[in-house]
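The sequence shown runs -22 to -1, 1 to 513 under mature numbering (1 follows the signal peptide of the UniProt record, and there is no 0).
Contents: one structure, followed by commentary.
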Amino acid sequence: MEVAMVCTRVNLLILILSLCSPYKFIQSPMDFGPLNLLPTTTTASSDFGRILFHSPSAVLKPQAPRDISLLLSFLSASPLGKVTVAARGAGHSIHGQAQALDGIVVEMSSLPSEIEFYRREGEGDVSYADVGGGIMWIELLEQSLKLGLAPRSWTDYLYLTIGGTLSNAGISGQTFKHGPQISNVLQLEVVTGRGEIVTCSPTKDAELFNAVLGGLGQFGIITRARILLQEAPQKVKWVRAFYDDFATFTKDQELLVSMPVLVDYVEGFIVLNEQSLHSSSIAFPTNVDFNPDFGTKNNPKIYYCIEFAVHDYQNKNINVEQVVEVISRQMSHIASHLYSVEVSYFDFLNRVRMEEMSLRNSGLWEVHHPWLNMFVPRAGISDFRDLLMDSISPDNFEGLILIYPLLRHKWDTNTSVVLPDSGSTDQVMYAVGILRSANPDDGCSHHCLQELLLRHRRLAGAAASGLGAKQYLAHHATSAGGGSGSPIARPGSTRGASSGQARVYSPGTAAAAMAHLQAIADTRKCSVVLCCAVP
């Protein structure tokens, strides 16, 4: 056993030398004892954003968390040079957060696809699922529904990994009611930057637990999570209502999130043009007879849509139609433009998949995605809308702009997610997602893409400085490939340090993070930069 470990360490030493060399020696699979490192792949050097393409020197496909532990423990102790390690889930990042230039990408999907369920039996007990960090939410949904159970909080798109979304926050229309996905986790298994495998929870190694949730991969790689479950409804009543006034639109959204006993899901989006109206209707399986006047290029008319949902458990004596009627009577949408349809719970949660397949069939899925996601204080949402409209051209915008309210008290402020400051007791803030597509075949080449990214940086900067907004899924790049801007972890945080964990940071995170890494580099010639674990 000792001989095998010595051999493994010698082999890893050879690996470090090859990684620190300006030349890439890994041209074919290399067997480093229990670790099988593969040469780089196209997948490992790209992501959904299709903005950055950074090629690693090697790819690790772990068969167990121990493989990740072995790699990180050796790299963190090595004195031979700085090596970047990135955990990659489904590759749904936008700005290369799960890429590792000349480093190692860890393909989390190769971990065992194990899901263990615990169903509530007694009073006060809870149902949960123990799930591997590389498993996608769609897989958990499919398996849990067989037991009549489902997680409480979701993302809009389900083909993302458990570990990836928990490293960010995980939000959707259920967040106002149940909080983000990181507020619905009971326990984590984490591999730290030192290679330690730690089981943590709100009562055990709580500092690490809170740091990892929403920590963008700075504090460790999530290899397993215990997800809270609830009874799953059989059907969902899905409703859409249209508006021509932004203030009325947001007022009705806030009305809906104030009724969590009746309403189970609330989102909203801007209707800029015919294309946005059509694309948003693909997954909504009923006829929407809404044909508005969008005005002219110089004088555009903008519309808005609220969508909300009510769960139909069918085994309970609740008339969902009457519930929707009670809710809609209090709303101020455009007369005669409220539409509803009943769908299965699975189809509702998986609704974005239909839009994805439509885009794939049109060749519009694998294009540039210069997205911007922000949390905006309630007091600034109208001004943010004005800043946004000044930065885009409604007639040729391709994509979707989401705007919907969240409630602060549903978020655990001990986690690493940064929310906008509130100068009052106002509980409402808004999630805004500018989910833009830029197709090179339609003329949006490198210059066009860079112009869109510049506009987003200016918008984010103006919203942050003037309105107190914060970026969600942020990436702060510098010319050196490091980080600048606001810390992802709150200023002065010592998370991970007091429990003996190595602090690790994502590419393009805070200046404080980069200063910490520089301090390590000054005392040791090698450090492990643990990159963002992304969906």
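C-beta: ideal position from N, C-alpha, C; glycine also.
- request: Helix, strand or coil for Tyr323, going by three-state DSSP, please let me know.
  value: helix
Option in Val395, Ser179, Gln152 and Ala128 with minimal Cα separation from Gln165: Ser179
Sheet register partners of Asn351 (DSSP bridge): Gly411 and Tyr450
task: Tell me whether the beta-carbon of Tyr68 lies closer than 8 Å to the beta-carbon of Thr19.
output: According to the sequence shown, residue 68 is Ala rather than Tyr. No. Outside cutoff.
- request: Would you tell me roughly how many angstroms separate the C-alpha atoms of Leu50 and Gly171, rounded to the nearest one?
  value: 6 Å
task: Taking Trp216 as the reference, give the member of Val302, Ala203, Leu191 and Leu207 with the closest Cα.
output: Val302
task: Kindly indicate which residue of Leu127, His156 and Ile29 has the alpha-carbon position closest to the one of Pro238.
output: His156
- prompt: If you draw a straight line from the alpha carbon of Ser394 to that of Phe326, how long is it in whole angstroms?
  reply: 30 Å
task: Using only alpha-carbon positions, find the residue among Ala440, Gly439 and Ser415 that is nearest to Leu430.
output: Ser415
query: Where do the ends of the beta strand (DSSP E) carrying Arg218 lie?
result: Lys213 to Tyr221
message: Less than 6 Å between C-beta atoms, sequence neighbours within five positions excluded: which residues of the same chain meet that for Gln212?
response: Gln292
Residues that Cys178 bridges to, as DSSP identifies them: Leu166
task: Check Ala147 in the structure and name its three-state DSSP category.
output: coil
- request: Whole angstroms is fine: what's the gap from Val288's alpha carbon to His256's?
  value: 24 Å
- request: Check residue 516 in the structure and name its three-state DSSP category.
  value: No answer is possible for residue 516: the residues shown for the chain start at -22 and end at 513.
Which listed residue (Ala76, Gln41 and Met367) has its alpha carbon closest to that of Phe224: Met367
- request: Give the straight-line distance between the Cα atoms of residue 544 and Asp267, rounded to the nearest whole angstrom.
  value: Missing from the structure shown is residue 544; the chain here goes from -22 to 513 and no further.
message: Measuring alpha carbon to alpha carbon, tell me which residue in Gly446, Thr264 and Arg433 is nearest Ser371.
response: Arg433
query: Tell me which same chain residues have a C-beta within less than 8 Å of the C-beta of Leu342, skipping the five on either side of it?
result: Ser415 and Asn417
message: Helix, strand or coil for Ser318? Go by DSSP, reduced to three states.
response: strand
- prompt: What residues in its chain sit with their C-beta under 7 Å from that of Cys426, if we drop five residues either side in the sequence?
  reply: Ala416
message: Could you compute how far the alpha carbon of Gly444 sits from the alpha carbon of Asn269?
response: 36 Å
query: With distances taken between CB atoms, is the gap from His311 to Asp230 smaller than 8 Å?
result: yes
task: Rounded to whole angstroms, what's the CA-CA distance from Gly461 to Gly273? Just pull it up for me.
output: Interpretation of Gly461 is limited by its pLDDT of 31, a score under 50 that renders its predicted location unreliable; the figure taken from the coordinates is listed afterwards. For Gly461 and Gly273, the distance between alpha carbons rounds to 43 Å.
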